[in-house]
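What follows is a set of notes on a single structure, which appears directly below.
Number of protein chains: 2
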Amino acid sequence: MSNAILNPHVSVDCVIFGFSRDTLRLLLIRRTVPNAITELDDSYYALPGDLVNDSEDLHQAAGRVLHELTGLQGIYLQQFQAFGDPGRISKPKDRNWLQGVRQDPDARVITVAYMALIDSQKVQLQPGSFSKEAVWIPIDEIPELAFDHNDIYESALAALRERIQIQPIAFELLPEKFTMADLQSLYETILQRGLDKRNFRRKMLNSGIILPLTEKQHGVSNKPARYYSYNRQLMQNADSQYINLRMEGSFTLFQ
Amino acid sequence: MSNAILNPHVSVDCVIFGFSRDTLRLLLIRRTVPNAITELDDSYYALPGDLVNDSEDLHQAAGRVLHELTGLQGIYLQQFQAFGDPGRISKPKDRNWLQGVRQDPDARVITVAYMALIDSQKVQLQPGSFSKEAVWIPIDEIPELAFDHNDIYESALAALRERIQIQPIAFELLPEKFTMADLQSLYETILQRGLDKRNFRRKMLNSGIILPLTEKQHGVSNKPARYYSYNRQLMQNADSQYINLRMEGSFTLFQ
Numbered sequence: 002m003s004n005a006i007l008n009p010h011v012s013v014d015c016v017i018f019g020f021s022r023d024t025l026r027l028l029l030i031r032r033t034v035p036n037a038i039t040e041l042d043d044s045y046y047a048l049p050g051d052l053v054n055d056s057e058d059l060h061q062a063a064g065r066v067l068h069e070l071t072g073l074q075g076i077y078l079q080q081f082q083a084f085g086d087p088g089r090i091s092k093p094k095d096r097n098w099l100q101g102v103r104q105d106p107d108a109r110v111i112t113v114a115y116m117a118l119i120d121s122q123k124v125q126l127q128p129g130s131f132s133k134e135a136v137w138i139p140i141d142e143i144p145e146l147a148f149d150h151n152d153i154y155e156s157a158l159a160a161l162r163e164r165i166q167i168q169p170i171a172f173e174l175l176p177e178k179f180t181m182a183d184l185q186s187l188y189e190t191i192l193q194r195g196l197d198k199r200n201f202r203r204k205m206l207n208s209g210i211i212l213p214l215t216e217k218q219h220g221v222s223n224k225p226a227r228y229y230s231y232n233r234q235l236m237q238n239a240d241s242q243y244i245n246l247r248m249e250g251s252f253t254l255f256q
Numbered sequence: 002m003s004n005a006i007l008n009p010h011v012s013v014d015c016v017i018f019g020f021s022r023d024t025l026r027l028l029l030i031r032r033t034v035p036n037a038i039t040e041l042d043d044s045y046y047a048l049p050g051d052l053v054n055d056s057e058d059l060h061q062a063a064g065r066v067l068h069e070l071t072g073l074q075g076i077y078l079q080q081f082q083a084f085g086d087p088g089r090i091s092k093p094k095d096r097n098w099l100q101g102v103r104q105d106p107d108a109r110v111i112t113v114a115y116m117a118l119i120d121s122q123k124v125q126l127q128p129g130s131f132s133k134e135a136v137w138i139p140i141d142e143i144p145e146l147a148f149d150h151n152d153i154y155e156s157a158l159a160a161l162r163e164r165i166q167i168q169p170i171a172f173e174l175l176p177e178k179f180t181m182a183d184l185q186s187l188y189e190t191i192l193q194r195g196l197d198k199r200n201f202r203r204k205m206l207n208s209g210i211i212l213p214l215t216e217k218q219h220g221v222s223n224k225p226a227r228y229y230s231y232n233r234q235l236m237q238n239a240d241s242q243y244i245n246l247r248m249e250g251s252f253t254l255f256q
């Protein structure tokens, strides 16, 4: 934490997605509640976030939170929504935690939420001073979170589902080289439904956004799968980052 | 203006689009600068906006601004981005105006921007106490605006371009009944390029989101065009509001 002046009314929160072993995970921090009455009450989970410094803009603040927690810089980080319900800080646990840390629990805080996508193999978790523990939790096991963080996470997931079908951002969740099966598993996990293997393969190859590598999987005796990489150069040179990756039978109403 | 307590650090701003006579317009308010030195300096344009009341959430605040200005309720109003550059209130004109109105010009204000789409024929402009004049200005004649409002408007237009191709929202800008030519003109104006007439017609009809009416244009001697209406009921009953309205040769990179 730096010593800059924090604006008591505006915060940023980061919904950080990672993908490994066919599972989409969320990076959460475990908060310690001071003077907890029962053991059950002594900790709970929250999205990583902080107040915004007076000298930084919103994106910088989100980048700072992300960097302090993961040690990473220059990763996919995108604002997706601001949350300002007047009752968003009302649960006794939240007020208790705020009182123990630094803030007037009656101050209204509006938060600007960011979505980050990272290759979780790259991350070296660096729990900050305000978090007891940082953990990856599979998205089907997300517990009750602090404040309105469950709402924020649900909105982020909905936004992610939409965006992977119009922008080539899902690759941020994969290692540099991946198989077609890895990529399809990622799409299926985020969209939460199965996709036809042949159509998926054709759509991805026709789009030009992935490049086949000569390398194949090691240590697989029978039919080793080819590796692919994301065609980052093509996308950087392009005029636009929009792309049609809508999956058939997806949540698109009409084809 | 109500007498509720305004949070001095968070505002909402509304980018209000209207469409008439084949022109996309923005609803702006003209601000009067107190103690202006020259005549040229005595007024300038800004997006309609206000500080957020302590008792309202962000969407309510944006709805209030919109209602006070237009008398309308229940129209398309969608948050699209928060803006928090520390230098966003630095122009002498802006600081002068703020000093004359109510605020400490040194207080940092983060603004949450909303996009509104309205059928401009429905609007009865109701200039509020803080605006000298409310006017519709064609988007190719937008002057220098207050604060970072040019950036906010540009971001709104980019978001609108994307969204009309994945959600049936463009209809909010049209009257209840419209011709196919009206609809195509609207898409062409927003996308800023021509579209093939036959493909456009086929795409719209195949999507099922518009319904042909029996009524045709009046007072047109030769080939009166058929009227259509937006299939609002179908869309309300649908599980999802996403739809594939991507236009060929548009800013989509790959088909």
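So the protein sequences, as listed, match chains A and B.
Each residue of the first sequence is one higher than the last, beginning at 2 in my numbering.
Each residue of the second sequence is one higher than the last, beginning at 2 in my numbering.
Yeah, the Cβ is synthetic: ideal placement off N, Cα and C, and Gly gets one too.
Cβ neighbours of residue i in the same chain (closer than 8 Å, five flanking residues each side left out)
i, result
"isoleucine 76 of chain A", "Leu67, Ala117, Leu118, Ile119, Glu173"
"leucine 214 of chain A", "Lys178, Arg227, Tyr228, Tyr229, Ser230"
"threonine 180 of chain A", "Gln218, Ala226, Arg227, Tyr228, Tyr229"
"glutamine 125 of chain A", "Thr71, Gly72"
Boundaries of the beta strand (DSSP E) in which residue i is found, first to last residue
i, result
"arginine 1 of chain A", "It is not possible to answer for residue 1 of chain A, since the shown part of chain A is limited to 2 through 256."
"asparagine 8 of chain A", "7-21"
"leucine 52 of chain B", "50-54"
"valine 66 of chain A", "Where valine 66 of chain A is concerned, there is no enclosing beta strand (DSSP E), although the alpha helix (DSSP H) it sits in stretches over 59-71."
"alanine 47 of chain A", "44-47"
"leucine 1 of chain A", "Residue 1 of chain A is absent from the model: chain A starts at 2 and stops at 256."
"serine 230 of chain A", "227-231"
"leucine 78 of chain A", "77-84"
"leucine 118 of chain A", "111-119"
"isoleucine 90 of chain A", "Here isoleucine 90 of chain A belongs to no beta strand (DSSP E), and DSSP marks it neither H nor E."
Residues that residue i contacts on chain B, provided the C-beta gap is smaller than 7 Å
i, result
"asparagine 8 of chain A", "His10, Arg109"
"glutamine 80 of chain A", "Gln82, Ala83"
Where residue i meets chain A, residues with beta-carbon distance less than 8 Å
i, result
"glutamate 57 of chain B", "Pro87"
Within chain A, partners of residue i - CB distance below 9 Å
i, result
"alanine 226 of chain B", "Result: empty, since nearest Cβ-Cβ is about 24 Å, beyond 9 Å."
Proximity test, Cβ basis, 8 Å: residue i and chain B
i, result
"valine 16 of chain A", "no"
"valine 218 of chain A", "The sequence as given places glutamine at residue 218 of chain A; valine does not occur at that position. For glutamine 218 of chain A, the answer is no, since every Cβ of chain B falls outside 8 Å of its Cβ."
"valine 113 of chain A", "yes"
"valine 53 of chain A", "yes"
"serine 21 of chain A", "no"
"asparagine 232 of chain A", "no"
Close Cβ partners of residue i (< 7 Å) along its chain, the five nearest in sequence each way excluded
i, result
"alanine 157 of chain B", "Val16, Phe81, Ala114, Met116"
"asparagine 8 of chain A", "Leu52, Val53, Asp55"
"isoleucine 6 of chain B", "Asn54, Asp55"
"isoleucine 138 of chain A", "Arg26, Leu27, Leu29"
"aspartate 23 of chain A", "Ser186, Thr190"
Proximal chain B residues relative to residue i, where beta-carbon distance stays under 9 Å
i, result
"alanine 159 of chain A", "Under the 9 Å cutoff, chain B gives no residues; its nearest Cβ is about 10 Å from alanine 159 of chain A."
Cβ neighbours of residue i in the same chain (closer than 6 Å, five flanking residues each side left out)
i, result
"tyrosine 154 of chain B", "Val16"
"lysine 217 of chain B", "Pro225, Arg227"
"alanine 171 of chain B", "Ile165, Leu187"
"leucine 99 of chain B", "Pro106"
"lysine 150 of chain A", "What sits at residue 150 of chain A in the sequence shown is histidine, not lysine. Excluding residues within five positions, the ones whose Cβ falls inside 6 Å are Ala47, Leu48."
Cutoff 8 Å: residue i Cβ touching any chain A Cβ
i, result
"glutamine 125 of chain B", "no"
"valine 136 of chain B", "no"
"phenylalanine 255 of chain B", "Confidence in phenylalanine 255 of chain B is poor, its pLDDT being 31 and thus under 50, which makes the residue's placement unreliable; the coordinate value appears in the next sentence. Answer yes: the Cβ-Cβ gap between phenylalanine 255 of chain B and chain A drops below 8 Å somewhere."
Within-8 Å CB hit, residue i to chain C
i, result
"valine 221 of chain B", "Reference to chain C is not applicable here, since the protein chains of this structure are A and B."
Enclosing alpha helix (DSSP H) for residue i [first to last residue]
i, result
"serine 186 of chain A", "181-192"
"lysine 217 of chain B", "Element bounds for lysine 217 of chain B: not the alpha helix (DSSP H) but the beta strand (DSSP E), 211-217."
"glutamine 272 of chain A", "Since the displayed chain A opens at 2 and closes at 256, residue 272 of chain A lies outside it and no answer follows."
"valine 1 of chain A", "There is simply no residue 1 of chain A to check, as chain A begins at 2 and stops at 256 in what is shown."
"glutamate 155 of chain B", "150-164"
### Where the segment 161-172 of chain B meets chain A: residues whose CB sits under 8 Å from a CB there
Glu163, Ile167
### Query
Can you list, in chain order, the residues of the segment 59-71 of chain B whose Cβ is nearer than 7 Å to any Cβ on chain A?
Leu59
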